[in-house]
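Below is one structure, written out as structure tokens, with a few remarks after it.
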Amino acid sequence: MNNKRTVPFFPYSALFSSQQKELTSLLQEVLGRGAFILQKDLQEFEKNLSEYLRVKHVIGLANATDALTLALRAAGIRPGDEVIISSHTFIATAAAIHFAGGVPVPVECGPDHLIDPQSVEDTITSKTRFLMPTQLNGRTCNMDPLQEIADKHHLTIIEDSAQGLGSRYKGKFAGTFGKAGVLSFYPAKILGCFGDGGALMTDDDEIARRVRLMRDHGRDESGNAVLWGVNSRLDNIQAAVLNYFFRDFEKTVARRREIARIYQDKLGSLSQIVLPPPPEKDEDHFDTFQNFEIEAERRDELRAFLKEKGIGTLIQWGGKAVHQMRGLGFRQELPATDKLFGRLLMLPMNSFLTDEDTLAVCERIQEFYRS
Ligand SMILES: *Cc1c(COP(=O)(O)O)cnc(C)c1O
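One gets my numbering by counting positions in the sequence shown from 1 and adding 4 to each.
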């Protein structure tokens, strides 16, 4: 009976249509108030997030890429400073460093697909000043070894936690370990809005002060520009939508973990694929499954087979690691990451999936490897 079921990778229109009535009246109310820029819905959203994340400051920004650039600038990056990143991240991580004046230096990722501490340590030079781990796929890096390396070499940690909302390591939230962390509210992110959106988190009053100024042209309350700023405010209407979705955030996370459990039960014994760690694997990690990224033998064939059966999958970053973007000048040799990138595939993972959808995906994958 699951034979005919099609499952999109992400049902973009469901973001609105699944709660169309409530969202329409919300939009009408906020737009009717004329509350467009830096209004109370944004303040409320920032407050809600800071309470949840147990972090002193949350600042709504236009997107996570801007948030990374502003974090580096506020933390005092100098021209030519090297910033170590995982090569398994969005090119935005590297671009944010580039436009802040720094030099992005990609390193290997480990078996958990997150930045490999050994590779970080091996790559540090006299110019390295920042470490920017990506909290990938809704999982937080093992922050203890990274913090140890950062302390030893006097590196400032800024987290690309664009995919990390709600994820924890030893009980502490992704995005709250470093000098600053960031979030993305791109529609397909675990908390998504109706367009672009982002935020920066920090416990540091001075970083918060500067980023608040910088997001609004560097202007203080009297309109005097006290530092060089940009226009990177989170739209108030997006903040209102995010406040609405955030009320159900715990449910969203729980649902994603249930889906991960189903994938684990049905696919865990297949020898041709490697799954992410199961939701209850260990006490140090609380994963939120922003993505369900597997490693698969005959990956491209599997993807084509699933597509033919109406099952959407995605290869993250279009299949290219940062250091593989040779046109941007990267020259690193990262053989472990190269090897991994021939095998990565993301299965559908979002709270709109039903159990039947998830089982249908599993059946098609079993079918592929049986044949
Ligand atoms: C989505 C994402 C970004 C960029 O976020 P935007 O809000 O689209 O700028 C950066 N890094 C990672 C790891 C992401 O997944």
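C-beta atoms are modelled at their ideal positions from N, C-alpha and C, and glycine is treated no differently.
| Check | Outcome |
| --- | --- |
| Thr132, enclosing beta strand (DSSP E) - first and last residue | Thr132 to Met136 |
| Check: Asp164 C-beta below 7 angstroms from any heavy atom of ligand 1 | yes |
| Through-space distance from Pro149 to Leu274, alpha-carbon basis | 32 angstroms |
| Buried versus exposed call for Arg214 [16 or more other C-beta atoms within 10 Å across all chains shown] | buried |
| Residues near Asp131 by beta carbon distance below 7 angstroms, same chain, minus five either side | The sequence shown places Lys at residue 131, not Asp. If we look at Lys131 and ignore the five residues flanking it on each side, its Cβ neighbours are Gly84, Asp85 and Glu86. |
| Distance, Ser226 Cα to Lys285 Cα | 53 angstroms |
| Classification of His158 by the beta-carbon crowding that lies within 10 angstroms, buried from 16 upward | exposed |
| Thr28 versus Ile369 - alpha carbon distance | 39 angstroms |
| Per-residue DSSP class, three states only, for Met5 | In this prediction, Met5 scores a pLDDT of 49, lower than 50, which makes its location untrustworthy; no coordinate-derived value is stated. |
| Three-state secondary structure (DSSP) of Asp200 | coil |
| Ligand 1 heavy atom lying under 7 angstroms from the CB of Ser188 | yes |
| CB contact check: Gly80 to chain B, cutoff 8 angstroms | Protein chain content of the structure displayed is limited to a single chain, and chain B is not contained in it. |
| Spatial neighbours of Gln151 in its chain, beta-carbon cut-off 8 angstroms, leaving aside the 5 residues before and after | Ile161 and Phe181 |
| Of the residues Ala78, Glu254, Lys324 and Lys25, the one placed nearest Pro219, counting alpha carbons only | Before going further, note that residue 219 is Arg rather than Pro in the sequence given. Nearest option by C-alpha distance: Ala78. |
| Reference Glu371, options Arg330, Gly333, Met353 and Phe309, closest by Cα | Phe309 |
| Continuous alpha helix (DSSP H) stretch holding Ile194: start and end | Neither: Ile194 is in no alpha helix (DSSP H) and is coded neither H nor E. |
| Where Ile89 falls: helix, strand or coil (DSSP) | strand |
| DSSP-derived helix/strand/coil call for Ser275 | coil |
| Near ligand 1: Gly202 beta-carbon under 7 angstroms from a heavy atom | yes |
| Bridge partner(s) assigned by DSSP for Arg223 | Ala229 |
| Closest Cα partner of Glu287 within the set Leu53, Ser171 and Leu31 | Ser171 |
| Any non-hydrogen atom of ligand 1 closer than 7 angstroms to Ala99 Cβ | no |
| Cβ neighbour criterion (16 or more within 10 Å) applied to Thr358 | exposed |
| Glu297, enclosing beta strand (DSSP E) - first and last residue | Phe296 to Ala300 |
| For Tyr16, the residue or residues it bridges with in DSSP | According to DSSP, which records beta bridges pairwise, Tyr16 is partnered with nothing at all. |
| Lys51 versus Val62: straight-line alpha-carbon distance, rounded | 7 angstroms |
| Proximity test, Thr180 beta-carbon vs ligand 1 heavy atom, cut-off 7 angstroms | no |
| Environment of Asp155 [buried if 16+ CB atoms lie within 10 Å] | exposed |
| Spatial distance of Gln320 from Asn228 (CA atoms) | 43 angstroms |
| DSSP beta-bridge partners of Pro108 | Val87 |
| Three-way DSSP call (helix, strand, coil) for Asn240 in this model | helix |
| Local conformation of Cys145 per DSSP, three classes | coil |
| Near ligand 1: Ala96 beta-carbon under 7 angstroms from a heavy atom | yes |
| Residues that Ser188 bridges to, as DSSP identifies them | Gly202 |
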